[in-house]
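First comes the structure, then the notes that go with it.
In the numbering used here, the protein residues as written are 120 to 319.
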């Protein structure tokens, strides 16, 4: 049997009771879903990014997204363990409407969704939030703070996005682990608080 290469580690789940939660990471095209999953995952991520071509330019409008050269064409996957006993399985979906059948398949069995938004294109988040609500999923909104994006206070963003008072809203940078983890923790707490309580 081949020995494991030096410095490598296989990330198996530990042998103890854990709460497993499938989480959808959703949002419009180019909002940072793949980046957030890569930032947070404790295992090598599965990702299906392809280089954008001139042929796809009329379909995938990358205006206002400087440096955007790739797009997810199937699914991203990662895993994050929180507090030792909560394991979040992160499924990232393509942000384009033509992938709606795939989106519906990936959303099946999810307990909640983290919807990423971009202040440069906030209106594009409404369709995604509608899809999440149609699936009956509780969700949190994480505004990905791009360096060149206009900054607004959370209360202004909450009003513009017309969020329910109970829907968590957080600001994060998808490239930074701490803020991205806070966004997922806010979602996990929101989902767990909404689950029916077992009788004592």
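Note that beta-carbon positions come from the ideal geometry of N, C-alpha and C, so glycine has one too.
Around the beta carbon of residue 213, a 10 Å sphere encloses 16 or more other beta carbons of the protein chains shown; the residue is thus reported as buried.
Taking a cut-off of 8 Å for Cβ pairs, the stretch 304-318 and the stretch 251-258 touch, as three or more such pairs fall below it.
Within the model, the alpha-carbon separation for residue 223 versus residue 199 is close to 23 Å. Apart from the 5 residues on each side of it in sequence, residue 234 sits with its Cβ closer than 8 Å to the Cβ of 145, 146, 244, 247, 248, 251, 258, 259, 260, 261 in its chain, given in chain order. In the three-state DSSP reduction, residue 210 falls in the strand class (E or B).
Apart from the 5 residues on each side of it in sequence, residue 237 sits with its Cβ closer than 7 Å to the Cβ of 150, 263, 265, 268 in its chain, given in chain order. Secondary structure of residue 294 (DSSP, three-state): coil. For residue 159, the closest alpha carbon among the candidates 230, 279, 211 is that of 211. Residue 217 carries a helical assignment under DSSP once its states are collapsed to helix, strand and coil. Bridge pairing for residue 233: 144, 259 [DSSP].
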